[in-house]
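Engineer: The sequence shown begins at 0 in the working numbering and counts up one residue at a time. We treat Cβ as the ideally placed atom computed from N, Cα and C, and that holds for glycine.
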Amino acid sequence: MSILRKVKYLSKYIDQFSFALLNVGTIFFISKFLASDQAAKYVLVSSYASFSLIVIVAIVISPYWIFSADTNKRYENFIFSFYATLGISILCGSVLGGLFTINSGSYTSGALILALSIAYPVYDFLRRSLYVHHGEFVSAICSALLCFFVAILYLILNYLDVSVFEVYVIVLISFIAIANLVMYKFNIHLIDSSIKKVKISYRAKSSDYWSLGKWSAGSMTCFWMATQGLFIILSKHISDEQLVTTRLCLSITGIIAIYFTALENNLMPSLRKQFINKQYDNILVVRKSYYIKGFLFSASMSLIIALFYNLFFQNGIFIFAILCCYQIFSGLLKFESYFLKVLQKHNVVFLSNFVALVATLIFGYLLGVENDYVLALMILFNGIVCSMFYLFFSKFLSSNGGKYV
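1. Output the distance between the C-alpha atoms of Ile65 and Phe296, rounded to the nearest integer angstrom.
2. Count the other CB atoms, across all protein chains shown, that sit within 10 Å of the CB of Glu75; report buried if there are 16 or more and exposed otherwise.
3. Are the beta-carbon atoms belonging to Ser108 and Lys11 less than 8 Å from one another?
4. Can you tell me whether Val243 is buried or exposed, with buried defined as 16 or more other CB within 10 angstroms of its CB?
5. Evaluate Asp14 with the Cβ neighbour count: other Cβ atoms within 10 Å of its Cβ, from every protein chain shown; 16 or more gives buried, anything less gives exposed.
6. What would DSSP say about Lys204, mapped onto helix, strand or coil?
7. Give the secondary structure of Ser10 by DSSP, where H, G and I count as helix, E and B as strand, and everything else as coil.
8. Taking the straight line between their C-alpha atoms, what separation do you get for Ile237 and Leu189?
9. Between Phe99 and Gln227, what straight-line distance do the alpha-carbon atoms span, to the nearest angstrom?
10. Taking contact to mean at least 3 C-beta pairs separated by less than 8 Å, is the segment 378-386 in contact with the segment 350-363?
11. Regarding Trp223 and the ligand FAD, is the C-beta to nearest heavy atom distance less than 7 Å?
12. If you follow the alpha helix (DSSP H) that His188 is in, where does it begin and where does it stop?
13. Sorted by chain position, which residues of the same chain lie with C-beta nearer than 8 Å to Asn157's C-beta, five sequence neighbours on each side aside?
14. Rounded to whole angstroms, what is the Cα-Cα separation between Val121 and Glu165?
15. Taking three-plus beta-carbon pairs below 8 Å as touching, is the segment 387-394 in contact with the segment 339-352?
16. Around the Cβ of Trp209, are there at least 16 other Cβ atoms within 10 angstroms (buried) or fewer (exposed)?
17. Of the residues Phe334, Phe81, Ile199 and Leu322, which one's Cα is nearest the Cα of Lys184?
18. Taking the CB atoms as reference points, tell me whether Val42 and Phe230 lie closer together than 8 Å.
19. Should Gly315 be labelled buried (16 or more other beta-carbon atoms within 10 Å of its own) or exposed?
20. According to the neighbour-count rule (16 or more other Cβ atoms, all chains shown, within 10 Å of its Cβ), is Ile58 buried or exposed?
21. Please state if the CB of Ile26 and the CB of Arg246 are separated by a distance shorter than 8 Å.
22. Buried or exposed for Phe222, going by 16 or more other Cβ atoms inside 10 Å?
23. Taking the straight line between their C-alpha atoms, what separation do you get for Leu125 and Ser116?
24. Let's see if you can read the secondary structure: which residues bound the alpha helix (DSSP H) around Phe312?
25. Please classify Ala34: does DSSP put it in a helix, a strand, or coil?
26. If you draw a straight line from the alpha carbon of Phe392 to that of Leu339, how long is it in whole angstroms?
27. When we look at the beta-carbon of Ser215 and count the other beta-carbons within 10 Å, is it buried (16 or more) or exposed?
28. Label Lys235 either buried or exposed according to how many other C-beta atoms from any shown protein chain fall within 10 Å of its C-beta, with 16 as the threshold for buried.
29. Using the rule of at least 16 other Cβ atoms within 10 Å of the residue's Cβ for burial, across every protein chain shown, is Ile275 buried or exposed?
30. For a test of the three-state rule: what should DSSP assign to Asn22, helix, strand or coil?
31. Pick helix, strand or coil for Asn276, following the three-state DSSP scheme.
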């Protein structure tokens, strides 16, 4: 039993790492082996398509995890969530792909945005739903194999001197589609067949999911605007080199964010329980441990990935350092956002993100697009402002504020 628990525990980390590697690896490969103009086009396409993923995480995946606690409605919740993921992804992809086509005149890139907007969110939903159905090991294997085969095809295409980013994206989408089919079959197989035949009230389900996900959707939209959205906004005002380098550095330093995301998944249930039981001393202990361990990990990991980056790229070290600071600072103070969620103050989390976004746009305007580091500095500024709001509100709204601070 102990071995099974360890396998289950490690499977989630393998799956999470593989999912992140799929994105980081693609931008790394394209930045390294393709021309700057091709890499810049990929950055824009992936930035547009990423919006669909954050909407699905907020509106579908997060509520799905909560409602799946009711095992009697497991099939009902899975089917509704799957169709909701498809529908919302198609809607987002169609709108964003259409906007990109109007702005750029490229129907091919618009179609790729639509396809990516569907493929990635469906993949993310299906792999996470396997956690609910105790299929973490299957999810880890599928994600790891997906990364492996995509990497092999990338290397073959590079060997054949394929130099257009569209071909690489088509390969990525094709393999994700295959993985989606496999994971869908496994999800259906793992659900108890005796509870499959059930009438789903789509209107009631939609209302339930929206009530839980609306504030998170708003917060994540602001977050997307302050990160991926900035690449779109500034793409016509900065050089391709700055655009690609900043995106590459943000993706690589995002390895630090994976650690904090894993901590969130483990901490949220225990923090909620401790707060309900008024175990404020325990929260203080967890908070202190989070900051100490988080700083040690993020600082040491920053050095490791900085050495890795320097081995392959000679430019952009200062941008890399800026974004390392962003990942460390925002990752550490994420604990305060966790606490706000425990207090069920999701509207305050949204307010923090919204104000930070507005402040970031003003900061960028004052800084000027002629600055070589404007994109990285805007992302760092947003992380600092948003995190400071988290810190302020978590202390101000704590029911045991005097002791918590």
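Structural biologist: On the basis of the coordinates in this document:
1. 30 Å
2. buried
3. no
4. buried
5. buried
6. helix
7. helix
8. 49 Å
9. 14 Å
10. yes
11. Looking at this structure, you won't find the ligand FAD or any other ligand, since it has none at all.
12. Phe164 to Leu189
13. Phe28 and Phe32
14. 21 Å
15. yes
16. exposed
17. Phe81
18. yes
19. buried
20. buried
21. yes
22. buried
23. 15 Å
24. No alpha helix (DSSP H) holds Phe312; DSSP gives it neither H nor E.
25. coil
26. 8 Å
27. buried
28. exposed
29. exposed
30. helix
31. coil
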